[in-house]
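Counting from 1, position 124 in the sequence shown corresponds to residue 124 in the UniProt record's numbering; the numbering is continuous, with no gaps. Here a beta-carbon is modelled for each residue, glycine too, at the ideal position from N, C-alpha and C. The structure presented is a predicted model; accordingly, all values stated were derived computationally and were not measured. Input: a single structure, listed below in structure tokens.
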Amino acid sequence: MEDNPDFAVDATPAKLPTSEPIRGELISLVPLKEEHDQVLFDTVGAPSKHDLWRFIPIGPFHTLEEFKTQMNSFRTSETDQIFVVISNDTQTVLGSLALINIRCEHRVAEIGYVLFGHQMQRTKAGTEALYLLLRTAFDQLHYRRIEWKCNNQHEKSKRAAQRYGFVPEGVHRQHFIIRGHNRDTAWFSILDKEWPSVRTAFQKWLDPSNFDADGNQLHTLVELRPSPN
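As structure tokens, this is what we get:
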């Protein structure tokens with residue numbers, strides 16, 4: 001198979017994310033720094049926010065120090081890059097998301113730790129955050145596959161994945177034991193050959209012309225994305 005030209009691909013490794021912010025219209029994705037720990041904890045990590053961590057493999061955190069320890073682990077990781085989502089208008093921290101399980105040699109990574117504060121959930125800013133990270137991964141860092149994995153019981157996450165354009169790939173049964181409970185993991189992905197149509201749908205959806213005077217969408221993201229052949 002290795003000699004079959006039909007299976008040949010560009011083997012140039014993907015790149016790691018840089019330390020530069022990724023700026024959009026509404027929000028920016030800023031690589032996690034120590035200065036973000038307190039406000040990120042207040043936004044998504046404090047005990048009052050524990051509902052956000054129900055399906056996350058790590059957490060929840062009971063103290064700021066516990067949270068800081070985990071954030072420090074992320075900062076020293078060679079395979080995970082956490083981004084803080086910051087409002088361009090107010091400079092408020094709205095949440096976080098990450099590029100994780102990075103395998104540059106295979107040009108594969110996963111979007112994970114999507115933790116949006118309640119004020120960011122189901123907003124245009126939340127969709128823009130996913131678009132910016134996907135655009136960076138495919139168009140700038142040279143990835144050919146971006147994954148989305150979640151607890152198979154997490155229906156909201158599965159719906160979100162498909163809304164964003166990720167394709168279902170099945171379920172890994174009895175994949176993990178997390179906090180004493182079984183986790184079956186649902187897998188989704190976007191491939192580089194699928195990205196152009198996914199990108200176009202994001203761009204059309206995010207365009208101001210897709211929203212009325214009250215900020216309501218005129219067309220859904222799914223409606224704007226061509227059906228797969």
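Counting only the Cα atoms, residue 133 lies some 25 Å from residue 153.
Contact check for residue 117 against residue 44 passes: the beta carbons are separated by less than 8 Å. In this structure, the beta-carbon distance from residue 192 to residue 144 falls below 8 Å. Take residue 48, set aside five residues on each side of it, and no residue of its chain has a beta-carbon closer than 6 Å to its own. Between residue 62 and residue 107, the C-beta spacing is not below 8 Å. Per DSSP, residue 66 is one residue of the alpha helix (DSSP H) stretching across 64-75. A distance below 8 Å between beta-carbons, with the five flanking residues on each side excluded, links residue 169 to the following residues of its chain, in chain order: 187, 188, 189. Buried is the label assigned to residue 225, since at least 16 other Cβ atoms lie within 10 Å of its Cβ. Around the C-beta of residue 208, fewer than 16 other C-beta atoms lie within 10 Å, and the residue is accordingly described as exposed. Cβ-Cβ distances below 8 Å link residue 70 to 58, 59, 61 in the same chain, with the five nearest sequence neighbours on each side left out; the list follows chain order.
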